[in-house]
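The sequence shown runs 805 to 940 under our numbering.
Working notes, beginning with the structure itself.
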Amino acid sequence: MTSPEQPPSPLDVQYKGAPLDPGKGPGLGCFWSQVVVLTILLVLTPLSVAWNWPALASGALLITVLVLLLLTGQTVIFLLRLVAADRRAAGRRRPLDSATPTVGELEDQAGPSSDAGQPPDAEAPVPSPGDGGVRE
């Protein structure tokens, strides 16, 4: 986290114009409790119809499931942004401490590619459809 005096680095994940603070959002405990309640309500809602509960109760369960699904989805997005911020701050790393360099490390060592922005060769012969693609 950056202090107010220190400018944010490009590695900081921005949320509403400020760096994302993991302490201000939901945690894993909140997420798992939402998932448990959502699972229970997902099973109970169709059963309430099968058991002939009043339509108002089944409707309330359905609306509750939809709202809880929205909240759980938002919690997942927040937690994924935290993971992304953590990985971005850690930088590139070699998976499982492999002895061979990663593709990103090879690209960094090679520098900018010389033919990356070049158009294809305009002088290359283009086969015509009538000759079967063979040029003499």
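We put the beta carbon where it would ideally sit given N, CA and C, even for glycine.
Cβ shell of residue i (< 7 angstroms), same chain only, five flanking positions each side left out
i, result
"LEU873", "LEU842"
"ALA861", "SER852"
Contact check, residue i vs residue j, beta carbons under 9 angstroms
i, j, result
"THR879", "GLN913", "no"
"LEU883", "PHE835", "yes"
Sequence-distant residues of its chain with Cβ nearer than 8 angstroms to residue i (five each side left out)
i, result
"VAL869", "LEU842, LEU845, LEU846 and THR849"
heavy atom of the ligand COA below 8 angstroms from residue i C-beta
i, result
"VAL853", "With respect to the ligand COA, the structure shown offers nothing to examine, as it has no ligands at all."
Same chain, Cβ closer than 6 angstroms to residue i, five either side skipped, listed in chain order
i, result
"THR876", "GLN838 and LEU842"
*Counting pairs of Cβ atoms below 8 angstroms between the segment 862-880 and the segment 846-853, do you hit three or more?*
yes
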